Amino acid sequence: MGVWQSYRLRLQRKRWKIRAFRKRRELKLVADRSGQIRPDDILLFCTQRNEKIRLPYFLRYYRDLGVNHFFFVDNDSTDGSLDYLAKQPDVSVWHTRASYRRARFGVDWLNWLQRKFAHGHWTLTVDPDEFLIYPFCDTRPLRALTDWLDASSIKSFPAMLLDMYPKGRIDEQPYEAGQNPIEIACWFDSGNYTIKRNKRFGNLWIQGGPRSRVFFPDRPEKAPALNKIPLVKWNRAYTYVSSTHMLLPRGLNLVYDEWGGEKASGILLHAKFLDTFTAKAAEELNRRQHYAASVEYRAYAEKLKDNPDLWCKWSEKYINWRQLEILGLMSKGNWA
Amino acid sequence: MTRRDDSFMSVGIIMLVHTALDRAEQVARHWTAAGCPVVIHVDRKVPRKVFAEFREAISDDPLIHFCRRHGCEWGTWGIVAATQSAAELMLARFPEVRHVYLASGSCLPLRPVQELIDYLAARPRTDFIESATTADVPWTVGGLDEERFTLRFPFSWKKHRYLFDRYVELQRRLRVRRRIPNGIVPHMGSQWWCLTRRTLSAILTDPDRPLYDRYFRRVWIPDESYFQTLARLYSEKIESRSLTLSKFDFQGKPHIFYDDHLQLLRRSDCFVARKIWPRAERLYQAFLGDGAADMKRTEPNPGKVDRIFAKAVERRTRGRPGLYMQSRFPNFGWENGLTSSPYSVFEGFAELFEDFETWLARTTGARVHGHLYAPERVEFAGGETMMNGALCDSAKTRDYNPQAFLTSLIWNTRGERQCFQFGPRDNQKIGPFFARDPNAQISVITGAWAVPLFKSNRNFADLRKLAAKLQKIEADHLDVLRNQWSKARIRIWTMAEFVEAPMEPIQTIIDEIAPASQRRLTEAPKMVNLSGFGQFLQNLKNQGMHPYLMGDFPITHDNPSDRRPVRRPYLVR
Numbered sequence: 036m037g038v039w040q041s042y043r044l045r046l047q048r049k050r051w052k053i054r055a056f057r058k059r060r061e062l063k064l065v066a067d068r069s070g071q072i073r074p075d076d077i078l079l080f081c082t083q084r085n086e087k088i089r090l091p092y093f094l095r096y097y098r099d100l101g102v103n104h105f106f107f108v109d110n111d112s113t114d115g116s117l118d119y120l121a122k123q124p125d126v127s128v129w130h131t132r133a134s135y136r137r138a139r140f141g142v143d144w145l146n147w148l149q150r151k152f153a154h155g156h157w158t159l160t161v162d163p164d165e166f167l168i169y170p171f172c173d174t175r176p177l178r179a180l181t182d183w184l185d186a187s188s189i190k191s192f193p194a195m196l197l198d199m200y201p202k203g204r205i206d207e208q209p210y211e212a213g214q215n216p217i218e219i220a221c222w223f224d225s226g227n228y229t230i231k232r233n234k235r236f237g238n239l240w241i242q243g244g245p246r247s248r249v250f251f252p253d254r255p256e257k258a259p260a261l262n263k264i265p266l267v268k269w270n271r272a273y274t275y276v277s278s279t280h281m282l283l284p285r286g287l288n289l290v291y292d293e294w295g296g297e298k299a300s301g302i303l304l305h306a307k308f309l310d311t312f313t314a315k316a317a318e319e320l321n322r323r324q325h326y327a328a329s330v331e332y333r334a335y336a337e338k339l340k341d342n343p344d345l346w347c348k349w350s351e352k353y354i355n356w357r358q359l360e361i362l363g364l365m366s367k368g369n370w371a
Numbered sequence: 053m054t055r056r057d058d059s060f061m062s063v064g065i066i067m068l069v070h071t072a073l074d075r076a077e078q079v080a081r082h083w084t085a086a087g088c089p090v091v092i093h094v095d096r097k098v099p100r101k102v103f104a105e106f107r108e109a110i111s112d113d114p115l116i117h118f119c120r121r122h123g124c125e126w127g128t129w130g131i132v133a134a135t136q137s138a139a140e141l142m143l144a145r146f147p148e149v150r151h152v153y154l155a156s157g158s159c160l161p162l163r164p165v166q167e168l169i170d171y172l173a174a175r176p177r178t179d180f181i182e183s184a185t186t187a188d189v190p191w192t193v194g195g196l197d198e199e200r201f202t203l204r205f206p207f208s209w210k211k212h213r214y215l216f217d218r219y220v221e222l223q224r225r226l227r228v229r230r231r232i233p234n235g236i237v238p239h240m241g242s243q244w245w246c247l248t249r250r251t252l253s254a255i256l257t258d259p260d261r262p263l264y265d266r267y268f269r270r271v272w273i274p275d276e277s278y279f280q281t282l283a284r285l286y287s288e289k290i291e292s293r294s295l296t297l298s299k300f301d302f303q304g305k306p307h308i309f310y311d312d313h314l315q316l317l318r319r320s321d322c323f324v325a326r327k328i329w330p331r332a333e334r335l336y337q338a339f340l341g342d343g344a345a346d347m348k349r350t351e352p353n354p355g356k357v358d359r360i361f362a363k364a365v366e367r368r369t370r371g372r373p374g375l376y377m378q379s380r381f382p383n384f385g386w387e388n389g390l391t392s393s394p395y396s397v398f399e400g401f402a403e404l405f406e407d408f409e410t411w412l413a414r415t416t417g418a419r420v421h422g423h424l425y426a427p428e429r430v431e432f433a434g435g436e437t438m439m440n441g442a443l444c445d446s447a448k449t450r451d452y453n454p455q456a457f458l459t460s461l462i463w464n465t466r467g468e469r470q471c472f473q474f475g476p477r478d479n480q481k482i483g484p485f486f487a488r489d490p491n492a493q494i495s496v497i498t499g500a501w502a503v504p505l506f507k508s509n510r511n512f513a514d515l516r517k518l519a520a521k522l523q524k525i526e527a528d529h530l531d532v533l534r535n536q537w538s539k540a541r542i543r544i545w546t547m548a549e550f551v552e553a554p555m556e557p558i559q560t561i562i563d564e565i566a567p568a569s570q571r572r573l574t575e576a577p578k579m580v581n582l583s584g585f586g587q588f589l590q591n592l593k594n595q596g597m598h599p600y601l602m603g604d605f606p607i608t609h610d611n612p613s614d615r616r617p618v619r620r621p622y623l624v625r
């Protein structure tokens with residue numbers, strides 16, 4: 036990469052930082068418990084809107100992994116989730132009515148909070164429907180992973196988004212608060228992913244899975260990106276560029292090995308397709324607050340009119356991380 | 053009385069500590085509880101206050117002493133200086149110590165300490181120190197092996213990497229070579245040793261020690277060579293192995309043990325393991341708890357641990373062949389296997405034989421697809437619309453990334469051989485990929501694409517145009533196959549050639565696909581009726597097109613399969 040290109044990316048990073056700084060005004064503090072944070076705590080950042088039903092399990096899951104403090108940005112929820120979050124002992128929460136889209140889908144807000152609170156911490160950035168799986172997650176806490184990453188001088192850890200879906204109609208089994216959504220949406224596509232390299236930012240661009248298969252069979256290039264880098268040893272100079280798909284400086288995106296080896300990686304189980312999805316899709320379509328003029332949600336709405344069954348004969352049923360490793364969706368790398 | 057005997061001939065433990073002081077205390081107390089005196093060296097980087105608290109907390113134990121503190125940075129002299137100070141203190145304070153065991157704060161004794169004491173008591177004159185000459189060790193990371201001893205390393209590798217590298221370069225260019233004092237032979241090995249008082253005191257009181265110290269001060273990673281080299285001068289008996297189980301990854305940093313390694317560590321029968329994750333509560337409980345296991349007199353057996361960690365290194369450096377995923381995306385030429393297992397590509401066979409696909413599936417037991425790269429849709433075996441891994445038959449999805457489609461299919465069906473048809477009508481973008489894949493077995497009958505044209509009922513002018521186009525595409529494809537970079541197992545016949553003697557080549561191909569069977573084919577695929585094909589080609593010629601890929605088909609060529617319906621020799625034997 037030339038000096039010029041490198042300089043331009045630097046400018047871009049500054050621009051996102053300034054933007055995040057401006058967008059800080061949109062955030063109204065509701066509960067700030069960041070004073071509890073100790074120097075080596077693991078932090079989690081999340082934006083949410085009307086996800087109250089998912090929050091109890093979400094918080095429990097990440098507390099069990101060993102996340103010490105949660106930062107939420109509540110985007111004008113109407114279901115009481117803001118109050119729920121404000122009552123949690125390990126949650127700091129901000130509220131905003133501003134446009135999700137114009138905050139670049141929440142990235143600006145979180146970039147600001149991360150810059151302010153996450154410097155020097157291992158930082159996990161996920162949505163309320165994403166559940167991190169990493170090698171040995173059934174026997175080793177998240178801290179074991181971050182300690183190992185520290186010892187290996189690795190600053191960012193990738194986890195591809197794996198769309199999970201139920202067998203049968205999406206709305207067949209109702210989801211209840213506190214329930215593990217993977218009990219319902221326990222199926223996934225194991226081997227229909229395509230990867231391209233993004234020359235500019237150095238990250239991989241992964242597409243495929245059930246969303247590509249069912250909603251975009253004739254426009255695979257429109258299918259949503261699945262590559263994510265949710266776990267980063269944060270520095271105030273870093274910014275997420277587009278969702279958690281890529282970061283600047285671009286060195287953080289080099290989470291894959293280019294010389295034939297495998298680096299360690301995880302999976303984000305994406306429990307989007309529950310019975311709540313049909314209503315959500317309709318709402319999001321109206322709000323038009325999603326990526327690329329909500330092309331994704333338009334495709335969903337179109338298909339969801341018919342029988343929405345994402346399951347097929349070759350779907351795999353989720354068992355554990357070892358299964359995902361054997362299937363080649365994630366890797367232990369040299370962690371043993 | 054026995055108790056007195058044990059402590060009289062006891063083992064002294066040196067602990068080098070820099071973090072997780074609470075665990076260090078726990079382990080130190082475990083050693084002293086069994087009567088082993090402990091000398092602890094705490095890195096100078098640990099703040100004075102923290103050190104004072106640690107010292108205070110542990111001060112009730114008379115068998116624990118602290119030595120002078122040195123700054124210990126990885127790869128520098130400080131670690132050796134720390135070891136020397138601690139060893140001197142140990143030998144001076146505890147005259148009953150016969151063996152000195154060097155350990156770190158993150159080491160964990162796996163077997164009852166008494167077993168270690170007995171083991172060493174049975175080998176009173178043996179030094180356990182891994183020690184090999186530089187020429188013989190494969191484990192150096194970063195390319196510095198012999199040069200560790202002949203160059204100077206004043207700059208820190210961790211903090212001043214740039215200066216470190218430049219200075220090495222400069223010395224190489226100036227051909228600077230240090231003289232090795234007194235003609236000692238540099239040896240290297242694990243930092244964690246167990247030496248006898250005799251050897252250790254000889255090293256520490258050597259009149260030439262200032263000379264050696266000055267020399268090793270500028271050697272790269274002296275903690276892996278100082279004692280390893282000097283022990284060779286004095287030891288009566290060296291066992292060149294470490295009693296500490298310690299594995300290194302490809303970057304040269306130690307692997308860490310966690311709770312889930314409990315059974316593995318138990319079965320290893322090693323005395324001490326390194327490095328333990330400080331929060332591995334279950335390990336500390338299991339190995340330091342009271343429930344001391346029944347005494348065993350077995351030799352340490354780290355084989356299984358070795359295998360697991362060797363596999364991890366292999367995975368990190370070589371990866372799984374044919375896998376493309378979020379954390380493995382090799383550059384061109386670095387794939388270490390473009391695909392995960394062998395497969396076959398057939399070009400022109402399905403056109404020349406009527407029931408080729410079903411015949412092939414029956415004969416070989418492989419999964420035989422149609423034209424996977426057909427323009428309309430993916431022709432999966434058996435007319436399926438989905439395949440393993442939820443690959444779908446959408447041509448658009450496939451063409452979005454033709455290479456990923458093939459690698460995914462081969463990866464998803466590991467353990468079952470895949471065969472598919474290919475021809476000039478198909479998406480040609482995949483051609484160069486399978487041509488350079490050693491896993492591909494490509495068999496081509498050139499010009500066979502003309503058979504469906506010959507059989508079709510279409511307007512001849514259209515056929516002529518189509519034939520010209522397909523011939524051009526196939527010619528380009530053949531150029532790719534014949535390219536010098538092609539690594540696939542490629543066989544090409546012209547159609548005329550193949551029709552003359554079809555069974556021989558088919559037998560060869562089948563034998564390659566299913567070598568286990570090694571049977572002679574009893575049943576041949578049925579060739580289409582080719583009478584009139586020569587005339588068809590002549591007609592094309594008459595229209596000004598030049599069909600040459602089929603080879604020489606005489607106009608009057610009878611259908612050869614009629615003439616020699618089955619080649620009998622293949623039946624007998």
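Protein chains in written order, with the numbering used here: chain D, 36 to 371; chain U, 53 to 625. The beta carbon of each residue, even a glycine, is placed where N, CA and C say it ideally should be. This one's a predicted model, so the numbers in the text were calculated from it and none came from an experiment.
Can you name, in chain order, every residue of its own chain whose Cβ lies under 6 Å from the Cβ of residue i, other than the five neighbours on each side?
{"i": "residue 225(D)", "result": "351, 362"}
{"i": "residue 295(U)", "result": "180, 246, 323"}
{"i": "residue 495(U)", "result": "398, 543, 561"}
{"i": "residue 136(D)", "result": "324"}
Report, in whole angstroms, the separation of the C-beta atoms of residue i and residue j, which I expect to be a contact under 8 Å.
{"i": "residue 288(D)", "j": "residue 236(D)", "result": "6 Å"}
{"i": "residue 158(D)", "j": "residue 80(D)", "result": "6 Å"}
{"i": "residue 66(D)", "j": "residue 128(D)", "result": "5 Å"}
{"i": "residue 174(D)", "j": "residue 301(U)", "result": "Between residue 301(U) and residue 174(D) the Cβ distance is about 19 Å, and since that is not below 8 Å, they are no contact."}
{"i": "residue 382(U)", "j": "residue 294(D)", "result": "7 Å"}
{"i": "residue 131(U)", "j": "residue 73(U)", "result": "Between residue 73(U) and residue 131(U) the Cβ distance is about 18 Å, and since that is not below 8 Å, they are no contact."}
{"i": "residue 283(D)", "j": "residue 276(D)", "result": "6 Å"}
{"i": "residue 435(U)", "j": "residue 460(U)", "result": "Their Cβ separation, rounded to whole angstroms, is 20 Å, which puts residue 435(U) and residue 460(U) out of contact at 8 Å."}
Taking the DSSP output, what are the residues bridged to residue i?
{"i": "residue 197(D)", "result": "304(D)"}
{"i": "residue 291(U)", "result": "180(U)"}
{"i": "residue 246(U)", "result": "153(U), 180(U)"}
{"i": "residue 160(U)", "result": "325(U)"}
{"i": "residue 545(U)", "result": "497(U)"}
{"i": "residue 275(D)", "result": "282(D)"}
{"i": "residue 292(D)", "result": "380(U)"}
{"i": "residue 335(D)", "result": "Paired residue(s): none; residue 335(D) is not in a bridge."}
Which same chain residues end up closer than 7 Å to residue i when comparing Cβ atoms and leaving out the 5 residues on each side of it in sequence?
{"i": "residue 134(U)", "result": "68, 93, 122, 124"}
{"i": "residue 482(U)", "result": "425, 454, 455, 458"}
Practice problem: Only counting runs of 4 or more residues, tell me where the alpha helix (DSSP H) segments fall wholly within the segment 64 to 145 of chain D, in order along the chain. | Solution: The segment 64 to 145 of chain D contains these whole alpha helix (DSSP H) runs: 90 to 100, 116 to 122.
Quiz item: In chain order, which continuous runs of the alpha helix (DSSP H) of length 4 or greater are located wholly inside the segment 391 to 462 of chain U?
Solution: With a minimum length of 4 residues, the unbroken runs of alpha helix (DSSP H) contained wholly in the segment 391 to 462 of chain U fall at 401 to 404, 408 to 416, 447 to 452.
Quiz prompt | Interfacial residues, the segment 440 to 460 of chain U to chain D, with Cβ spacing under 7 Å | solution = Within the segment 440 to 460 of chain U, the qualifying residues are 440, 441, 442, 443, 444, 446, 448, 449, 452, 453, 456, 460.
Exercise. Give the residues from the segment 290 to 310 of chain D that approach chain U closer than 8 Å (Cβ to any Cβ), ordered along the chain.
Key: When C-beta distances to chain U are compared with 8 Å, the residues of the segment 290 to 310 of chain D below that value are 290, 291, 292, 293, 294, 295, 296, 297, 298, 299, 300, in chain order.
Exercise. Would you list, in sequence order, the uninterrupted alpha helix (DSSP H) runs of no fewer than 4 residues that lie entirely inside the segment 330 to 379 of chain U?
Key: Counting only runs of 4 or more, we get 333 to 340, 355 to 369.
Quiz item: Name the residues in the segment 371 to 389 of chain U whose C-beta lies less than 8 Å from a C-beta of chain D; which are they?
Solution: Along the segment 371 to 389 of chain U, the positions whose C-beta sits under 8 Å from a C-beta of chain D are 371, 372, 375, 376, 377, 378, 379, 380, 381, 382, 383, 386, 387, 388, read in chain order.
Quiz prompt | Any beta strand (DSSP E) of 3 or more consecutive residues that is wholly inside the segment 260 to 308 of chain U | solution = Fully enclosed beta strand (DSSP E) runs of 3 or longer: 289 to 291, 296 to 298.
Exercise. Closer than 7 Å, Cβ to Cβ, to anything on chain U: give me those residues from the segment 191 to 213 of chain D, in chain order.
Key: Along the segment 191 to 213 of chain D, the positions whose C-beta sits under 7 Å from a C-beta of chain U are 193, 195, read in chain order.
Quiz item: According to a CB-to-CB cut-off of less than 8 Å, which residues of the segment 298 to 316 of chain U neighbour chain D?
Solution: Result list: 301, 302, 303, 305, 307, 308, 310, 311, 312.
Quiz item: Looking at chain U, which residues of the segment 165 to 186 of chain D have a Cβ within less than 9 Å of any of its Cβ atoms?
Solution: Contact annotation: in the segment 165 to 186 of chain D, residues whose CB is within less than 9 Å of a CB in chain U are 171, 173, 174, 175, 176, 178, 179, 182, 183, 186.
Quiz item: Of the residues that make up the segment 351 to 365 of chain U, which ones have a beta carbon closer than 7 Å to any beta carbon in chain D?
Solution: Against chain D - using a Cβ distance shorter than 7 Å - the residues of the segment 351 to 365 of chain U are 360, 361, 364, 365.
Practice problem: With a floor of 4 residues, list each alpha helix (DSSP H) that falls wholly inside the segment 525 to 594 of chain U, ordered by position along the chain. | Solution: As summarised for the segment 525 to 594 of chain U, the continuous alpha helix (DSSP H) elements at least 4 residues long and confined to that stretch are 547 to 552, 555 to 565, 585 to 594, given in chain order.
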